[in-house]
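Protein chains in written order, with this note's numbering: chain U, 100 to 291; chain S, 100 to 291. Cβ atoms here follow ideal geometry from the backbone N, Cα and C, with glycine treated the same way.
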């Protein structure tokens, strides 16, 4: 058992985020406190408040920590591979959101739902839409897709189909599914 | 003030559904009771229980009552007009769901959310997906669209885009928007 004072920034941060998830699952969102997290992470409340003004900020950062990184503008040279990489990230994020801590947050309170919604929007929805749009613009420049297909409306379609499938149908979100969205929806929609 | 005994089936039903919405807005889902609805509709609790086993069944029927009718297989002769008619219904239903009673139900409890989800799924999601699929099959037979485009995956795209737009972006759901989904997404996706 290493005392908290010996831990460096990254280790301490991981311990704090682990404690947030453990507390969420153990006591739920409403009863989670900065003090409880500090105790579970074997650090002081002051250390937490130095970095996070409120428990919502702390939970929000913990969620970001477990979500997959948004891909940084994949530029594979083909629109199909770009789309597979970007929409694969949408899939990974949705799968991560099915985890226990997300479930507690979404089901418990309006406040919890607000945090999840915000994190997913900042981390996923907005960047993915921009990345797909940029990929379409590059593909249009290369003459790989019809020029009129590089629009915001078209760029949102893949993500819309995957999110709808996940929310409404609760279907599987495996690699085959993502490929089918790219090959049966996005590619026919953009080809010259 | 007509006494309840003089009202015919349809009138009484309307009065009961009006009372459900008035009660939902006045006291919320949790405090709504069959007794409260009966009193507000000036009928007896027994009359309610004769038709609805529980308040959830009653609320569910009341919601169906205010939602637009699912269009019965429009067969306009062109896939574009068919899609405009069917997806217009998706739009109308989503707009109706923004009403006060839906808001109360969705925000208040898990139970309330379950009812809304079920009603919208039975009334909207499933029938609309079938209608679009049938319209695509007819269009493929006429040679109006490419044969490979008449799939379940393609049939779900329009509704997915509209629901995503409404949920995630909260954007306007006017006629222009529905037309843009048909003309900028569905038509390029299915044309030969």
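Neighbourhood of residue 232(S) in chain U, by CB distance below 7 Å: empty, with the nearest CB roughly 14 Å away. Here residue 150(U) is not near residue 286(U), since their CB atoms are 8 Å or more apart. Residue 108(U) and residue 158(S) have their C-alpha atoms spaced approximately 53 Å apart. Shown here for residue 161(S): same chain residues with a beta carbon closer than 6 Å to its own, the five before and five after excluded, namely 116 and 119 in chain order. Rounded to whole angstroms, residue 247(S) and residue 291(S) show a C-alpha spacing of 9 Å. Within 7 Å of the CB of residue 252(U), the CB atoms of chain S belong to 279, 283 and 284, in sequence order along the chain.
The criterion of a C-beta distance shorter than 8 Å is not satisfied by residue 171(U) and residue 222(U).
Around the C-beta of residue 241(U), fewer than 16 other C-beta atoms lie within 10 Å, and the residue is accordingly described as exposed.
Comparing alpha carbon positions, the residue from 215(U), 113(U), 192(U) and 275(U) closest to residue 202(U) is 215(U).
DSSP, reduced to helix, strand and coil, places residue 149(U) within a helical segment of the structure shown. Distance from the Cα of residue 137(S) is smallest, within the candidate group 233(S), 124(S), 112(S) and 249(S), for 112(S).
The C-alpha of residue 154(S) lies about 27 Å from the C-alpha of residue 269(U).
Between the C-alpha atoms of residue 167(U) and residue 195(U) there is a straight-line separation of about 8 Å. Using a Cβ-Cβ cut-off of 8 Å, residue 288(U) is close to 284, 287 and 288 of chain S, given in chain order. Listed in chain order, the positions of the segment 263-274 of chain S with a beta carbon within less than 9 Å of a beta carbon of chain U are 263, 264, 266, 267 and 268. In the DSSP annotation of this structure, the continuous segment of the alpha helix (DSSP H) that includes residue 155(U) starts and ends at 154-165. Taking all protein chains in view, the Cβ of residue 145(U) is surrounded by fewer than 16 other Cβ atoms within 10 Å, so the residue is classified as exposed. In this structure, the CA atom of residue 206(S) is about 30 Å from the CA atom of residue 110(S). Proximity of residue 224(S) to chain U, defined by a Cβ-Cβ separation below 8 Å, is satisfied.
Non-local C-beta neighbours of residue 125(U) in its own chain, meaning closer than 7 Å and more than five positions away in sequence, are absent. A distance below 6 Å between beta-carbons, with the five flanking residues on each side excluded, links residue 289(S) to the following residues of its chain, in chain order: 244 and 248. Rounded to the nearest angstrom, the gap between the Cα atoms of residue 197(U) and residue 132(S) is 34 Å.
Going by DSSP, residue 273(U) is part of no alpha helix (DSSP H) at all; its letter is neither H nor E. Scanning 251(S), 129(S) and 266(S) for the CA closest to the CA of residue 220(U) turns up 266(S). For residue 238(S), not one C-beta of chain U is nearer than 8 Å to its own C-beta.
Residue 263(S) counts as buried, since at least 16 other C-beta atoms from the protein chains shown sit within 10 angstroms of its C-beta. Following the DSSP letters along the chain, one finds residue 198(U) in no alpha helix (DSSP H), marked with neither H nor E. Residues of chain S whose Cβ lies closer than 7 Å to the Cβ of residue 256(U) are, in chain order, 256, 260 and 284. In this structure residue 261(U) touches residue 189(U) by the C-beta definition: roughly 5 Å separates them, less than 8 Å.
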